[in-house]
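**Q** Dropping the structure in here first, questions after.
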Ligand code: GLC
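Residue numbers (our numbering): 9 to 503.
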């Protein structure tokens, strides 16, 4: 379905002059969350901003298909337009699907409605029947495409929740000419979560045919991510470094040989962030707005943050911030290792996040023991996170693995200098300070001593106010917008 835009068919045999017209393309994204409708992690940021950036190009027609969760706010819902409904096969079951449309910044968002699967209390994942919920969604999305006759040139699925769509498309819908023409991209945001289910679900729940067993099976289980990797046309992931890393066992959570075998179709494209949404000049959550040419507001943000968290209001002491899900791959063990040594220095440490109970308790304990030097807020809090991004001086993110990571980019946007481990997207976005170059502090090995060493370098540099200000300016000027990366996505689609 590639239309050469505005070139009229001609009967004449004469040679046509070469004109470069960008091919008109329809792209459909599939995902389990997207900002501003529903967000629990980085995937939502990406699906809330990449489609919007691509839709700015008039040769691209962009849609996103999402589940209609009960917790999507009425503020959006009241604008939704009902389009159609039908029944979807989930193994032997037949389940209702309604389809709603909402157009937002030139992107068409289609929402799949089924209250039994998606109107639930609390979080959007973590239910005993997640496999069934997303099998339904993956299949309903394809049926929506057929019903509404919106067959795209490229279907871009994201993470395990939509992996089954690629398996259905390539393994079961292939007889249909309209589906056969669709090329697929499977984007891995984190290879750790693969969508693994017992073999009894293979036909009963997913309704997969025997012919594709070797693609979908892995270590005696149904593995949706593996199936999608094997069957898709292109696999992409969210940074070039991570694309290299997932060929190795340390990073691949059992899929390294699958990645190596599919290396020829693997692409790594660094995510961007929505620089309008994350903008210290206009952000309503921060204590004072500021820009790179006038940083006065940032000092106000710092003082107010210290006041709010009961830390001494001091300009001369650097604030080191950690904003993270409290899970092991975020490198929190390194922080645990050196926290008490770090707190003997003249610094303030702020932690915001929630997650595994062991980490939550540790950070509560350290904040109590070092009252006046360390503050921990065990929560997920967007508003407070903005106050910390803007009020802190340094942002610590020592991940063990990090497919892309967005927090280091957000921190940079607010002039808070990243200190990161050189892995995945952290390695691609943050370059170590050397003389007048670099936009952060980095260390290579997963080792707390090395991390403490570079933190101390940062603290040392902070004492030289002029040098630090220059660094902050450089950090703020680093371009993390989607512009460059969206070009790369378009190139990939053109392949
Ligand atoms: C996942 C990854 C994170 C990435 C995000 C968006 O949450 O863990 O590194 O930035 O997806 O792609």
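No residue lacks a Cβ here, since even glycine has one placed at the ideal position from N, Cα and C. In this text the structure is predicted, and so the values were computed from the model without any measurement.
1) On a CA-only basis, which of 300, 301, 299, 294 is nearest residue 311? Give me that one, please.
2) Can we count residue 243 as close to the ligand GLC, meaning its CB is less than 6 Å from some heavy atom?
3) Starting from the N-terminal end, write out each residue whose C-beta falls within a distance shorter than 7 Å of any non-hydrogen atom of the ligand GLC.
4) Starting from the N-terminal side, write out each stretch of the beta strand (DSSP E) that is 3 residues or longer and does not extend beyond the stretch 233–314.
5) Does DSSP classify residue 317 as helix, strand or coil?
6) With 16 other CB atoms within 10 Å as the buried threshold, where does residue 240 fall?
7) Taking the beta strand (DSSP E) that residue 368 falls in, what are its first and last residues?
8) What does DSSP give as the partner residue(s) for residue 360 in the beta ladder?
9) Going residue by residue through the stretch 99–138, where are the continuous alpha helix (DSSP H) segments of at least 4 residues, counting only ones entirely within it?
10) Is residue 213 helix, strand or coil by DSSP?
11) Buried or exposed for residue 45, please, with buried defined as at least 16 other CB atoms from any protein chain shown within 10 angstroms of its CB.
12) Check whether the Cβ atoms of residue 149 and residue 232 lie closer than 7 Å to each other.
13) Between residue 351 and residue 215, what straight-line distance do the alpha-carbon atoms span, to the nearest angstrom?
14) Let me know if residue 472 comes out buried or exposed under the rule of 16 or more other beta-carbons within 10 Å of its beta-carbon.
15) Using CA atoms only, rank isn't needed, just tell me which of 186, 388, 246 is closest to residue 157.
16) Would the beta-carbon of residue 286 fall within 7 Å of that of residue 421?
17) Measuring alpha carbon to alpha carbon, tell me which of 393, 390, 428 ends up nearest residue 408.
18) For the stretch 320–334 and the stretch 387–406, state whether three or more C-beta atom pairs, one from each stretch, are separated by less than 8 Å.
19) Given this structure, state the Cα-to-Cα distance separating residue 38 from residue 192, to the nearest angstrom.
20) Verify whether the separation of the beta carbon atoms of residue 165 and residue 205 is less than 7 Å.
21) DSSP three-state call for residue 417: helix, strand or coil?
22) According to DSSP, is residue 462 part of a helix, a strand, or is it coil?
23) On the CB-based measure, 16 or more other CB atoms within 10 Å of its CB, does residue 374 come out buried or exposed?
24) For residue 269 and residue 210, I'd like the C-alpha separation in whole angstroms.
25) Could you pull the start and end residues of the beta strand (DSSP E) that residue 191 belongs to?
26) Given that a residue counts as buried once 16 or more other Cβ atoms are within 10 Å of its Cβ, and exposed if not, what is residue 19?
27) Pairs of beta-carbons, one from the stretch 266–281 and one from the stretch 491–500, closer than 8 Å: are there three or more?
28) Quick one: measure Cβ to Cβ for residue 403 and residue 416, integer angstroms, because I've assumed they're closer than 8 Å.
29) Quick one: any contact between the stretch 378–390 and the stretch 437–446, if contact means 3 or more CB pairs under 8 Å?
30) My output table needs one value for residue 173: the three-state DSSP class, helix, strand or coil.
31) Between 367, 361, 372, which has its C-alpha nearest residue 392's C-alpha?
32) For residue 307, which option in 366, 424, 502 has the closest C-alpha, if you only look at C-alpha atoms?
33) Residue 431 by DSSP, collapsed to three states: which one?
34) Kindly list the residues whose CB is nearer than 7 Å to the CB of residue 42, restricted to its own chain and excluding five residues on each side of it in sequence; keep chain order.
35) Identify the residues that DSSP records as bridge partners of residue 97: which are they?
**A** On the basis of the coordinates in this document:
1) Of the listed residues, the one whose Cα sits closest to residue 311 is 294.
2) No.
3) For the ligand GLC, the residues with a Cβ under 7 Å from any of its heavy atoms are, in chain order, 49, 50, 51, 53, 54, 197, 198, 246, 279, 410, 411, 412, 413, 414, 432, 433.
4) Listed in chain order, the complete beta strand (DSSP E) runs (minimum 3 residues) inside the stretch 233–314 are 242–245, 274–276.
5) It is coil, neither helix nor strand.
6) Burial is judged here by how many other beta carbons sit within 10 angstroms of a residue's own beta carbon; residue 240 has at least 16 and is buried.
7) Segment 365–377 is the alpha helix (DSSP H) holding residue 368; no beta strand (DSSP E) there.
8) Beta bridge pairing from DSSP links residue 360 with 331, 385.
9) Secondary structure in the stretch 99–138: the alpha helix (DSSP H) runs of 4 residues or longer, each lying completely within the stretch, are 123–126 in chain order.
10) DSSP, reduced to helix, strand and coil, places residue 213 outside both helices and strands of the structure shown, so it counts as coil.
11) Here residue 45 is buried, its C-beta having at least 16 other C-beta atoms within 10 Å.
12) Contact: no.
13) Cα-Cα distance, rounded: 56 Å.
14) Under this definition residue 472 is an exposed residue.
15) Among 186, 388, 246, the Cα nearest to that of residue 157 is on 186.
16) For the 7 Å CB-CB criterion, residue 286 and residue 421 form a contact.
17) If we check each option's Cα against that of residue 408, 428 comes out closest.
18) They touch, by the three-pair rule.
19) Residue 38 and residue 192: Cα-Cα distance of roughly 11 Å.
20) Cβ distance not < 7 Å, so residue 165 and residue 205 don't count as in contact.
21) Residue state for residue 417 is assigned as helix, using DSSP reduced to three classes.
22) Residue state for residue 462 is assigned as helix, using DSSP reduced to three classes.
23) Buried is the label assigned to residue 374, since at least 16 other Cβ atoms lie within 10 Å of its Cβ.
24) Between residue 269 and residue 210, the C-alpha separation is close to 23 Å.
25) DSSP places residue 191 in the uninterrupted beta strand (DSSP E) bounded by 191–196.
26) Low per-residue confidence applies at residue 19: pLDDT is 48, beneath 50, and the placement is therefore not dependable enough to give any value.
27) Cβ pair count under 8 Å is three or more, so yes.
28) Indeed they touch by this definition, with Cβ atoms about 7 Å apart.
29) Flag = no, the stretch 378–390 and the stretch 437–446 do not touch.
30) Secondary structure at residue 173: helix, using DSSP grouped into helix, strand and coil.
31) Nearest to residue 392 by C-alpha distance, out of 367, 361, 372, is 361.
32) If you compare the alpha carbons of 366, 424, 502 with that of residue 307, the shortest gap goes to 424.
33) Coil at residue 431, not helix or strand.
34) Cβ within range, chain order: 52, 55, 56, 72, 74.
35) Looking at the DSSP output, residue 97 shares a beta bridge with 102.
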